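Quick note on numbering: the numbering used here labels position 92 of the sequence shown as 955, and the sequence is numbered without any gaps.
We put the beta carbon where it would ideally sit given N, CA and C, even for glycine.
Fair warning: this is a prediction, and the values are worked out from it, not measured in the lab.
Worksheet: one structure, shown below.
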Amino acid sequence: MTDMCQSNGFWPGYLSLCLELDRRSEVFIKIVHLDDMELLNTKDGTVPKTIEEWKFLLCLVKSHHNICVSRRDTAATNGTPEWSNSVTVENVALLAARIIGPDRSLQMLQEC
864 MTDMCQSNGF WPGYLSLCLE LDRRSEVFIK IVHLDDMELL NTKDGTVPKT IEEWKFLLCL
924 VKSHHNICVS RRDTAATNGT PEWSNSVTVE NVALLAARII GPDRSLQMLQ EC
């Protein structure tokens, strides 16, 4: 069923099934690949639950961001890149600060 959701681009269904199958790392990998911060939300359970998951997500974002930076530079809105909804280190750090608190988030960022 996950293959069917993935091949048809039904990402909410795919992510939901991955969560049900306890494939949380796959959820984070796909969200980073899709580059959409709106997919990381507490309502659907797609935010990291542990510090280890937050670190895993940050590592994914850092490696993906390094690969895609030059490609994003060409996608501009009114002459400036639109990254407010992109999965960036900054956006993930802000989300972590809101969810796990600024102190734990800062400690996690310093460890990464």
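- Assigned with DSSP and collapsed to three states, LEU884 falls in coil, not helix or strand.
- The C-beta distance from VAL924 to VAL890 rounds to 14 Å, too long to fall under 8 Å, and the pair is not in contact.
- The DSSP-derived three-state label of MET900 is helix.
- The three-state reading of DSSP puts PHE873 in coil, since its state is none of H, G, I, E or B.
- For SER968, the uninterrupted alpha helix (DSSP H) segment begins and ends at 965–974.
- Look at ASP907 here: in three-state DSSP terms it is coil, with no helix or strand label.
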